[in-house]
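In the numbering used here, the protein residues as written are 415 to 838.
C-beta: ideal position from N, C-alpha, C; glycine also.
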RNA sequence: GGAGAGAUGGCAGAGCGGUCGAAUGCGGCGGUCUUGAAAACCGUUGUCCGGGCAACUGGACCGGGGGUUCGAAUCCCUCUCUCUCCGCCA
């Protein structure tokens with residue numbers, strides 16, 4: 415969430431930036447400022463009274479020691495009213511803080527200066543396109559048909575075991591998954607990312623830290639008995655490694671990578687773009703997560719973009735990089751690049767990665783800070799993350815674009831991992 | 001799941017209900033000494049919220065919440081977590 419101090423000092427700018435995200439903030443910002451004001455004045459008064467009470471307690475203590483019981487008892491009476499009023503003020507402060515928090519949590523992150531205005535996906539800005547868009551004749555099969563033809567992905571059995579969106583990968587299909595995961599992890603390691611294997615269930619605090627909770631419960635599967643959530647992305651457990659952490663300046667940037675399965679309820683998304691691998695409830699993804707100094711975070715974002723791009727490039731898939739407009743960005747992001755690969759038989763672009771800088775929006779929730787040498791105060795770090803990459807749509811594009819009369823060709827770079835060159 | 005023990009500063013580990021934000025040791029940082037390093041010695045060392053340009057200053061924090069008391073790290077209740085033993089188990 416945004417820090418109230420920042421809002422205080424930059425109200426006009428905040429409103430203007432929120433406008434880019436099509437968020438009308440006037441009312442809620444005013445409410446936040448008002449509550450913060452109440453919070454401050456209440457605390458000032460409470461602190462004053464507490465100081466007085468502390469002082470009295472000390473005096474009473476020494477009076478008792480000196481045997482001046484009468485004076486002590488007299489002084490005691492004064493503390494009674496202080497006790498009353500501090501209790502009241504304490505409650506007032508608590509409720510002001512709570513209410514303020516409730517309000518702050520509803521304000522989205524501010525988009526970066528460079529983010530274009532826009533309503534939705536149609537206003538996004540294509541920053542780069544690479545590769546030939548394959549021209550396939552009408553006999554070209556979409557990946558769900560190829561999956562069946564070569565018996566490598568079994569959607570129906572997944573439905574039986576669990577439900578729609580939980581496919582069973584078989585034989586070379588399963589090996590392809592494993593190959594991609596290992597390839598992505600190896601590449602991440604080469605690029606300087608430290609591999610971790612986090613839990614794939616998280617508690618509420620973690621969900622809150624990265625911004626999935628509150629309000630976005632619909633996205634995550636919830637195990638109610640234990641009050642745990644299945645992760646929608648490794649971003650959640652990996653970033654939360656650093657919840658309540660104060661890093662040293664010299665530890666920055668932190669660069670982590672993790673493979674996890676990801677679980678998404680996708681409540682309310684039906685229609686034809688859910689066909690096959692296009693939208694699943696469970697899928698595999700290798701994620702990269704960075705934590706950096708505010709001055710360097712956009713440089714790191716560019717590095718992450720380069721890394722994700724290199725993966726798609728090596729897989730020899732046609733792709734484009736899209737900078738999201740304000741209206742299409744997530745609640746928590748300040749700047750997001752999406753990566754899309756072209757899936758030849760479906761004849762459409764599929765999002766396979768999303769790389770974002772959250773600036774201090776998550777860090778503020780996470781209380782993730784670092785010690786700055788120049789500044790006495792600990793500063794909020796910037797958090798970033800991106801997919802590198804999500805598997806299913808990569809597989810969809812690979813299957814479709816590489817289909818031949820003899821079978822499906824595996825990209826050269828993957829062959830050492832799959833140990834086969836062709837799915838046939 | 002059953003029984004017991006515990007939770008204090010980066011770590012280890014003290015702490016008669018008042019002078020405890022907290023002894024001591026280790027670690028970290030700065031310095032003296034040294035050609036350099038080590039050792040030794042000296043100093044320093046948490047977080048958050050207010051006020052102040054600042055020096056500085058008020059308040060809060062000893063797992064979380066509540067209570068007793070003029071006063072709680074210290075007493076009581078409760079929750080959570082950790083550890084040990086038993087059971088079950090990949």
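Asked                                                                                                                                                       : Found
Taking residue 426 as the reference, give the member of 436, 417, 435, 443 with the closest Cα.                                                             : 443
Apart from the five residues on each side of it in sequence, which residues of its chain come closer than 6 Å, Cβ to Cβ, to residue 766?                    : 753, 755, 803, 804, 807, 808
Does DSSP put residue 859 in a helix, in a strand, or in coil?                                                                                              : Residue 859 lies beyond the range of the chain shown here (415 to 838); nothing can be said about it.
Rounded to whole angstroms, what is the Cα-Cα separation between residue 635 and residue 611?                                                               : 20 Å
In the DSSP assignment, find the beta strand (DSSP E) that holds residue 647 and state where it starts and stops.                                           : Neither: residue 647 is in no beta strand (DSSP E) and is coded neither H nor E.
Which of the three DSSP states, helix, strand or coil, is assigned to residue 459?                                                                          : helix
Shortest alpha-carbon distance to residue 708 belongs to which of 675, 741, 688, 771?                                                                       : 771
Roughly how many whole angstroms lie between the Cα atoms of residue 441 and residue 729?                                                                   : 49 Å
Quick one: which unbroken alpha helix (DSSP H) runs of 4-plus residues sit fully inside the stretch 762–800? Chain order, please.                           : 775–780
To which residues of the same chain is residue 741 closer than 8 Å at the C-beta, ignoring the five residues directly before and after it?                  : 435, 436, 531, 532, 533, 534, 537
Can you check which of these residues, 711, 431, 677, 817, is closest to residue 527 by C-alpha distance?                                                   : 431
Between residue 668 and residue 718, is the Cβ-Cβ spacing less than 9 Å?                                                                                    : no
Keeping to the same chain, check which residues put their C-beta closer than 6 Å to that of residue 569; ignore five residues upstream and five downstream. : 581
Using the Cα positions of residue 586 and residue 830, report the straight-line distance between them to the nearest angstrom.                              : 14 Å
When you compare each of 662, 670, 693 to residue 676 by their alpha carbons, which one comes out closest?                                                  : 693
Restricting to Cα atoms, I'd like to know which of 504, 639, 521 is closest to residue 415.                                                                 : 521
How far does the beta strand (DSSP E) with residue 669 in it reach, from first residue to last?                                                             : 668–677
Is it true that the stretch 790–798 meets the stretch 720–728, where meeting means three or more beta-carbon pairs spaced less than 8 Å apart?              : no
Where do the N-terminal and C-terminal ends of the beta strand (DSSP E) with residue 701 fall, by residue?                                                  : 696–706
Using the three-state DSSP reduction, which class does residue 662 fall into: helix, strand or coil?                                                        : strand
Can you give the Cα-Cα distance for residue 563 and residue 591, rounded to whole angstroms?                                                                : 18 Å
Which residues bound the alpha helix (DSSP H) around residue 484?                                                                                           : 483–518
If you drop the 5 nearest sequence neighbours on each side, which residues of the same chain put their C-beta closer than 7 Å to that of residue 649?       : 624, 701, 703, 799
Starting from the Cα of residue 617, find the closest Cα among 606, 470, 646 and give me that residue.                                                      : 646
Cα-Cα, which of 445, 438, 662 is closest to residue 418?                                                                                                    : 445
Pick out the complete alpha helix (DSSP H) segments inside the stretch 580–648, 4 residues or longer, and give them in chain order.                         : 586–604, 618–624
Between the Cα of residue 601 and the Cα atoms of 727, 477, 651, 678, which residue gives the shortest distance?                                            : 727
Does the beta-carbon distance from residue 825 to residue 813 come in below 9 Å?                                                                            : no
What separation, rounded to the nearest whole angstrom, lies between the Cα atoms of residue 680 and residue 661?                                           : 35 Å
So within the stretch 518–586, which uninterrupted alpha helix (DSSP H) runs reach at least 4 residues, ignoring any that extend past its ends?             : 557–563, 569–575
Going by C-alpha distance, which of 837, 502, 828, 576 is nearest residue 822?                                                                              : 837
Out of 715, 663, 714, which one is the CA nearest neighbour of residue 794?                                                                                 : 663
Opposite residue 855 in the DSSP bridges: which residues?                                                                                                   : Absent from the structure is residue 855, since the part of the chain shown begins at 415 and ends at 838.
Along the chain, where does the alpha helix (DSSP H) containing residue 693 start, and where does it finish?                                                : Neither: residue 693 is in no alpha helix (DSSP H) and is coded neither H nor E.
Only counting the same chain, and skipping five residues up and downstream in sequence, which positions put a Cβ closer than 6 Å to that of residue 539?    : 530, 737
One question on the structure: do residue 749 and residue 782 come within less than 9 Å of each other, judged by their Cβ atoms?                            : no
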